[in-house]
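In UniProt numbering, the protein residues as written are 1 to 65.
Glycine included, every Cβ here is placed at the ideal spot set by N, Cα and C.
Input: a single structure, listed below in structure tokens.
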Amino acid sequence: MPNEPRDKSKCPTCGKRFRMDETNAPPFCCERCRLIDLGRWLDEDIGLPFESDESPKTIDPDLTR
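What follows is the structure, given as structure tokens:
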């Protein structure tokens, strides 16, 4: 929306535009959106990117000499 102030944030759950000083659940617009996001994390619907550990699990004795 072109006439909206630039100091508004977008809720990561519902997409609603709001000012951070108008909420008790930053960075969400309300407690409901915060709990929805928490539920997604707990249900493992979302998470941090995973990089597998490709380092060797054992140390080759020939490499330590």
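Residue i: buried (16+ other C-beta within 10 angstroms of its C-beta) or exposed?
i: Arg34; result: buried
i: Asp37; result: buried
List the residues that DSSP assigns as beta-bridge partners of residue i.
i: Phe18; result: Ser9
For my contact list, residue i and residue j are in at a C-beta cut-off of 8 Å; report their separation, rounded to the angstrom.
i: Pro12; j: Pro27; result: 6 Å
i: Cys14; j: Thr23; result: With a Cβ gap of about 12 Å, Cys14 and Thr23 do not count as contacting.
Please state whether DSSP places residue i in a helix, a strand or coil.
i: Cys33; result: helix
i: Gly39; result: helix
i: Asp62; result: helix
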